[in-house]
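Novice:
Numbering (this note's numbering), first residue to last: 6 to 441.
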């Protein structure tokens, strides 16, 4: 992580008040949980401990109480925990978080992170693991765990240096927050579209609690509000810099660890919720914030009256071709300036047909009080790329000025379908191996 103090981007700040009479009413993440029906039950588990760890054990942990109280956006949760005289500790060896109250102690366990690490390493590595073959989980690849203050990162790369150099780099920047993005990344690797990947294993404070956890907490008299539950895992590091930027900002270092030279294509997979439950339209963002692109940066652009046509260049077209399997309906969105933005539909011949968008007039929010933008005229999510996406594009260009970085927002229904496809491939490989 960067050590210099930085401020939290306004894109990630949403101060709000919770009605103390309705502590479990969700204020944020409503689109994902209530409308998209995203399943977050696999992320965390909360446990009321029969015996509190010893004072010596707590001494060996990192106390994060003051940091969380200082930076949490949920004022209700802050006051509640202060009234309960809670002291909060992070166990750096397994990334568990302990809530130590005067009369009891409970723990949040990072279940998803643990399962991912056991899947690749058969254990929970604490330090840099070095490169380890993972043929059982991902044939032809090797993996490496890199520790950091926010849960660490899992790197994957093809055994063959030429194969990984000629294929796309896959990143899953918000692995725990976007369900099934790990499975999407693994599918792209396993199906020959990607040669290497970087997967974020750490929570960044924005992952909501599921209802089962909330019911347990309520039974224990701990009515934590589920919105922006950044009082469990730290949202920022000790300098006040958001953890959710770590994969984008540190990408050059990960690429060096992957032993990649000049690469051409980065596919950054994210999860989104569409405008209706079975929405299967994939959004490819090319940038919504500075540094802005021109349409000519991606191919041959022509305009006739209000109709825009973009013929992708070789590198951009290659990325679109790799992603075409995800959905028959794909859109490309980008901004060339504050009020000069574009929405393109991908046609069958890889041409892009679109129109110009002015976010001030043409973009609205799906939900009051939440920045979940969409184009009402098309009933289509508006996701050209946020702040972290801009940071990643900057990092990529430093490594290779001609590289193309695609920020891919995949709706819930498509991610579930890809997870099933990955499972089918894994079963097929297992049957093939057992027949030898």
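Glycine included, C-beta positions come from ideal geometry on N, C-alpha and C.
I'd like to know whether the C-beta atoms of residue 210 and residue 249 end up nearer to each other than 9 Å.
Specialist: Counting from 1 along the chain shown, the entry for residue 210 is found at position 205. Counting from 1 along the chain shown, the entry for residue 249 is found at position 244. Yes; because the gap between Cβ atoms is below 9 Å, this pair is in contact.
Novice: Whole-angstrom Cβ separation of residue 327 and residue 335, contact assumed at under 8 Å?
Specialist: By one-based count along the chain shown, residue 327 stands at place 322. By one-based count along the chain shown, residue 335 stands at place 330. Contact flag wrong, Cβ pair sits at about 11 Å.
Novice: Tell me whether the beta-carbon of residue 45 lies closer than 9 Å to the beta-carbon of residue 239.
Specialist: If you number the chain shown from 1, residue 45 lands on position 40. If you number the chain shown from 1, residue 239 lands on position 234. In this structure, residue 239 does not lie closer than 9 Å to residue 45 by Cβ.
Novice: Going by beta carbon distance, what residues of the same chain come within less than 6 Å of residue 369, once the five residues before and after it are set aside?
Specialist: The residue labelled residue 369 in the question sits at position 364 within the chain shown. 381.
Novice: Which partner residues does residue 270 have in the DSSP bridge list?
Specialist: Against the chain shown, residue 270 aligns to sequence position 265. Paired residue(s): 409.
Novice: When DSSP labels each residue in this structure, what does residue 340 get in the three-state scheme?
Specialist: Your numbering for residue 340 matches position 335 in the chain shown. If DSSP states are grouped into helix, strand and coil, residue 340 belongs with the strands.
Novice: Leaving out five residues before and five after residue 222 in sequence, what residues of the same chain have Cβ atoms less than 6 Å from its Cβ?
Specialist: Counted from its first residue, the chain shown places residue 222 at position 217. Taken in chain order, the residues that qualify are 229.
Novice: Does the Cβ-Cβ distance between residue 271 and residue 256 come in under 9 Å?
Specialist: Residue 271 sits at position 266 when you count from the first residue of the chain shown. Residue 256 sits at position 251 when you count from the first residue of the chain shown. It is a contact, given that the beta carbons lie within the stated cut-off.
Novice: Taking 8 Å as the limit between beta carbons, can you name the residues of its chain near residue 405, skipping five residues before and five after?
Specialist: Stepping through the chain shown from its first residue, residue 405 is reached at position 400. The answer, listed in chain order, is 267, 268, 269.
Novice: Distance, Cα to Cα, residue 252 vs residue 203?
Specialist: Stepping through the chain shown from its first residue, residue 252 is reached at position 247. Stepping through the chain shown from its first residue, residue 203 is reached at position 198. Those two C-alpha atoms are separated by around 8 Å.
Novice: Give the C-beta separation of residue 133 and residue 152 to the nearest angstrom, bearing in mind that I take them to be a contact with Cβ-Cβ under 8 Å.
Specialist: As a position in the chain shown, residue 133 is number 128, starting the count at 1. As a position in the chain shown, residue 152 is number 147, starting the count at 1. The Cβ separation is near 7 Å, so the contact holds.
Novice: Within the stretch 261 to 326, note down every full beta strand (DSSP E) run reaching 3 residues or more, in order along the chain.
Specialist: Runs found: 270 to 277, 287 to 290, 304 to 309, 312 to 317.
Novice: Would you mind working out which of 434, 407, 30 sits nearest residue 216, comparing C-alpha positions?
Specialist: Locating residue 216 in the chain shown gives position 211, where the first residue counts as 1. Looking at the Cα atoms, 30 is the closest of the given residues.
Novice: Applying the 10 Å Cβ sphere with the 16-neighbour rule, what's the burial state of residue 8?
Specialist: Residue 8 sits at position 3 when you count from the first residue of the chain shown. The predicted model places residue 8 with a pLDDT of 43, which falls under 50 and marks its position as unreliable; any figure quoted below should be read in that light. Counting Cβ neighbours within 10 Å, residue 8 comes out exposed, since fewer than 16 surround it.
Novice: Should residue 360 and residue 273 be called a contact, given that it needs their Cβ atoms to be closer than 9 Å?
Specialist: In the chain shown, the residue the question calls residue 360 occupies position 355. In the chain shown, the residue the question calls residue 273 occupies position 268. Contact flag unset, no.
Novice: Looking at the unbroken alpha helix (DSSP H) that takes in residue 81, where does it start and where does it end?
Specialist: Position 76 of the chain shown, counting from 1, holds the residue named residue 81. That run of the alpha helix (DSSP H) goes 80 to 88.
Novice: Counting pairs of Cβ atoms below 8 Å between the stretch 303 to 315 and the stretch 375 to 393, do you hit three or more?
Specialist: With the cut-off at 8 Å, the stretch 303 to 315 and the stretch 375 to 393 do not touch.
Novice: Is the separation between the beta-carbon of residue 364 and that of residue 277 shorter than 9 Å?
Specialist: As a first step, residue 364 must be located in the chain shown, where it is residue number 359. As a first step, residue 277 must be located in the chain shown, where it is residue number 272. Taking 9 Å as the Cβ cut-off, residue 364 and residue 277 do not qualify as a contacting pair.
Novice: What number of angstroms, rounded off, separates the C-alpha of residue 83 from the C-alpha of residue 355?
Specialist: Counted from its first residue, the chain shown places residue 83 at position 78. Counted from its first residue, the chain shown places residue 355 at position 350. When rounded, the distance between both Cα atoms is 51 Å.
Novice: Relative to the alpha-carbon of residue 20, which residue among 235, 319, 159 has its alpha-carbon at the smallest distance?
Specialist: As a first step, residue 20 is located in the chain shown; it is residue number 15 there, counting from the start. Comparing Cα positions, the closest option is 235.
Novice: Out of curiosity, what's the CA-to-CA distance linking residue 398 and residue 410?
Specialist: Counting from one through the chain shown, the residue named residue 398 turns up at place 393. Counting from one through the chain shown, the residue named residue 410 turns up at place 405. Cα-Cα distance, rounded: 6 Å.
Novice: Run through the stretch 126 to 199 for me and flag every whole alpha helix (DSSP H) of 4 or more residues, listed as ranges in chain order.
Specialist: Qualifying alpha helix (DSSP H) stretches, in chain order: 166 to 171, 186 to 195.
Novice: Which partner residues of residue 110 appear in the DSSP bridge assignment?
Specialist: Here residue 110 corresponds to residue number 105 of the chain shown, with the count starting at 1. 105.
Novice: Using DSSP's beta-bridge definition, name the partner residues of residue 94.
Specialist: Within the chain shown, residue 94 is the residue found at index 89, counting from 1. Its beta-bridge partners are 68, 103.
Novice: Rounding to the nearest angstrom, what Cα-Cα distance links residue 55 and residue 81 in this structure?
Specialist: Counted from its first residue, the chain shown places residue 55 at position 50. Counted from its first residue, the chain shown places residue 81 at position 76. Roughly 27 Å separates the two Cα atoms.
Novice: Based on DSSP bridge pairs, tell me the residues matched to residue 119.
Specialist: Residue mapping note: residue 119 aligns to position 114 of the chain shown, counting from 1. Bridge partners of residue 119: none, in fact.
Novice: Measure the CB-CB distance between residue 183 and residue 421 and report whether it falls below 9 Å.
Specialist: Within the chain shown, residue 183 is the residue found at index 178, counting from 1. Within the chain shown, residue 421 is the residue found at index 416, counting from 1. Result no, Cβ atoms of residue 183 and residue 421 do not sit closer than 9 Å.
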